[in-house]
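Trainee: Heads up, this note's numbering is the position in the sequence shown plus 203, with the first residue counted as 1. Using N, Cα and C, we set each Cβ at its ideal position, and we do this for glycine too. A quick note: this is a predicted structure, and the numbers were derived from the prediction, not measured.
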Amino acid sequence: MRLVHWLLVFLVTVSWWTAEEGEMQWHYWSGLTIVGLLVFRIYWGFAGPETARFSNFVKGPGAVVGYAGKLFKRDYRAAFGHNPLGALSVVAILLALIAQVGLGLFASDTDGLESGPLSPYVSYEFSKDAGDLHEDAWNILLILIGLHIAAIVFYLVVKRINLIGPMITGSRKVEAVEGPPSGIAPVPVWRFLIGVALAGAVVFLIVWLPTTR
């Protein structure tokens with residue numbers, strides 16, 4: 204999951220830079236790679252280890268309010284894995300990324316010279332609207348990323364909790380977290396391989412479909 208996280212950080216940056224510089228071929232491939240990573244992340248949210256599963260950290264409104272109430276207490280300790288508030292950030296960014304790349308697949312610019320790989324399957328008007336929304340969705344994604352970074356800074360400065368370190372090293376002191384499990388069951392390699400194959404199949408399908416037109 205850490206690798207997926209940092210690859211998304213890198214590729215979102217690449218996608219922004221290539222769009223700004225007009226390097227649309229690189230933009231195309233960075234976007235397709237993001238599609239593959241998102242497919243894998245969604246699959247891993249159901250088939251991965253405990254800390255990666257959506258059912259483990261996506262909670263209802265009561266849990267979110269309860270967690271927020273404990274946030275400023277002196278005896279506060281970080282949650283093991285994603286906390287209920289952090290889960291909202293994760294889900295929001297994932298949904299924004301899905302919308303962003305989904306629109307990009309069908310997008311077309313004004314003159315039609317630059318188009319997403321699936322744009323031939325929709326009308327020009329739809330494709331043009333998708334292109335406009337693709338640009339607007341980027342601004343929403345930027346806001347969510349900004350809030351995500353602000354939360355990390357808050358935990359580091361106010362709560363003295365480093366959230367970046369564990370995302371790099373994959374480890375955290377047990378006494379620093381609340382309710383750590385006695386152990387996380389390893390996931391069979393075949394589950395991982397299925398996720399990789401599924402992501403690759405979706406990307407291949409997106410690349411192959413335009414050749415059938």
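Give me, in chain order, the residues of the same chain whose beta-carbon lies closer than 6 Å to that of A250; leave out the 5 immediate sequence neighbours on both sides.
Mentor: Counting only Cβ-Cβ distances below 6 Å, and skipping sequence neighbours, we find R394.
Trainee: Using the C-alpha atoms, what's the distance from A290 back to G248?
Mentor: Approximately 12 Å, taken between the alpha carbons.
Trainee: Would you give the residue range spanned by the alpha helix (DSSP H) that D339 belongs to?
Mentor: Y327 to V360 is the extent of the alpha helix (DSSP H) around D339.
Trainee: Do L336 and G319 count as a contact pair if the criterion is CB distance below 7 Å?
Mentor: Their beta carbons are not under 7 Å apart, which means G319 does not touch L336 by this criterion.
Trainee: I need the straight-line Cα distance from A310 to E224, nearest angstrom please.
Mentor: Going by the C-alpha atoms only, they are around 18 Å apart.
Trainee: Here's the rule I'm using: 16 or more other beta-carbon atoms within 10 Å means buried, otherwise exposed. How should R244 be labelled?
Mentor: Buried, because 16 or more other Cβ atoms sit within 10 Å of the Cβ of R244.
Trainee: Return the CA-CA distance between A404 and A388, expressed in angstroms with no decimal places.
Mentor: Each residue's alpha carbon lies about 28 Å from the other.
Trainee: Nearest-angstrom Cα distance between S306 and G234?
Mentor: Note on identity: in this sequence residue 306 is Leu, with Ser being the wrong assignment. Approximately 11 Å between the Cα atoms of the pair.
Trainee: From what residue to what residue does the alpha helix (DSSP H) around Y270 run?
Mentor: Per DSSP, Y270 belongs to the alpha helix (DSSP H) from P264 to K273.
Trainee: Rounded to a whole number of angstroms, what is the C-alpha to C-alpha distance between A222 and W232?
Mentor: Distance between the alpha carbons of A222 and W232: 12 Å.
Trainee: Counting along the chain, where does the alpha helix (DSSP H) carrying G305 start and finish?
Mentor: From DSSP, the alpha helix (DSSP H) with G305 extends over P287 to F309.
Trainee: With which residues is S318 paired in a DSSP beta bridge?
Mentor: Answer is S311.
Trainee: CA-CA distance, M227 and V390?
Mentor: Distance between the alpha carbons of M227 and V390: 38 Å.
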